[in-house]
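**Q** Right, I'll just put the structure down here and ask away after.
Chains as they are written, first to last, in our numbering: chain A, 44 to 153; chain B, 68 to 182.
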């Protein structure tokens, strides 16, 4: 099993709807989890960090961590066309490295 | 302004030439990282350094070399031994030590094309 997995294909959501992204992780990573947004041709930008079980909200973004089930999710409320991007899930592994998932593309349809 | 700079933004080289990509940060971060990203792929770790004068191989170090002589700088050399060097190269940094959150921050990237 890979350390961090994002298996969903591209996600299309209407403007104003909720976009939901999921990420599962293995026992080889722990404690610290991150969501990055990457626009086409640009570098990743950190949008959320979560370290403990439960929900963490920041503006229209909510990160959810469930350590028992080993998944972390990102909700984007009131999706806007500017949210169209690839979202990368990452988790802290050994030697202070981050393990990244392959990313999920989100397309917000006006 | 604090941040991470990478230069150049676009780089074109002929096959068989070594090329060095620059990464500088003024965030006072201890750890620095180099990743490679290919179209439709995730980030793959090339090399990382947690302190000055020390660095470790990542998952795809073959054909690459680095140095860390200063805290602020972590240049990456793509050698002629790298078989598929054309890619988007990303540098990142993070603070270390007690209370560190391990959040990594990325530079703008260098897009290298080798023909």
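Virtual Cβ for every residue (Gly too), placed ideally from N, Cα, C.
Distance check for residue 151(A) and residue 87(A), CA to CA, integer angstroms please.
**A** Translated into positions along the first chain, residue 87(A) becomes position 44. Translated into positions along the first chain, residue 151(A) becomes position 108. When rounded, the distance between both Cα atoms is 19 Å.
**Q** What would DSSP say about residue 125(A), mapped onto helix, strand or coil?
**A** Translated into positions along the first chain, residue 125(A) becomes position 82. Three-state result, residue 125(A): helix.
**Q** State the beta-bridge partners of residue 104(B) as determined by DSSP.
**A** The residue you call residue 104(B) lines up with position 37 of the second chain. DSSP output for residue 104(B) lists 110(B) and 155(B) as bridge partner(s).
**Q** Less than 8 Å between the C-beta atoms of residue 169(B) and residue 51(A), yes or no?
**A** Position 102 of the second chain, counted from the first residue, corresponds to residue 169(B). Position 8 of the first chain, counted from the first residue, corresponds to residue 51(A). No, Cβ-Cβ distance for residue 169(B) and residue 51(A) is not below 8 Å.
**Q** CB residue 110(B) to CB residue 145(B), shorter than 8 Å?
**A** The sequence position of residue 110(B) within the second chain is 43, counting from 1. The sequence position of residue 145(B) within the second chain is 78, counting from 1. Against a cut-off of 8 Å, the Cβ pair of residue 145(B) and residue 110(B) comes out as no contact.
**Q** Is it buried or exposed, residue 53(A), if we count other Cβ atoms within 10 angstroms and call 16 or more buried?
**A** Here residue 53(A) corresponds to residue number 10 of the first chain, with the count starting at 1. Exposed, because fewer than 16 other Cβ atoms sit within 10 Å of the Cβ of residue 53(A).
**Q** Going along the chain, which residues of the stretch 116-142 of chain A sit with their C-beta nearer than 8 Å to a C-beta in chain B?
**A** Taking 8 Å as the Cβ-Cβ cut-off against chain B, the residues of the stretch 116-142 of chain A that qualify are 131, 133, 135, 138, 139, 140 and 141.
**Q** In whole angstroms, what separates the C-alpha of residue 36(B) from that of residue 158(B)?
**A** An answer regarding residue 36(B) cannot be provided, because it is not within the stretch 68 to 182 covered by chain B.
**Q** Contact between the stretch 77-96 of chain A and the stretch 125-136 of chain A: three or more CB pairs below 8 Å?
**A** Judged by Cβ distances under 8 Å, the stretch 77-96 of chain A makes contact with the stretch 125-136 of chain A, as three or more pairs qualify.
**Q** Just checking: is the beta-carbon of residue 106(B) within a distance shorter than 8 Å of some beta-carbon in chain A?
**A** As a first step, residue 106(B) is located in the second chain; it is residue number 39 there, counting from the start. No, its Cβ sits nowhere closer than 8 Å to a Cβ of chain A.
**Q** Strictly under 8 Å for the Cβ-Cβ distance: is residue 144(A) near chain B by that measure?
**A** By 1-based counting over the first chain, the position of residue 144(A) is 101. For residue 144(A), the answer is yes, since a Cβ of chain B falls inside 8 Å of its Cβ.
**Q** From the DSSP output, in three-state form, read off residue 154(A) for me.
**A** Any answer about residue 154(A) is impossible in this case: the structure gives chain A only from 44 up to 153.
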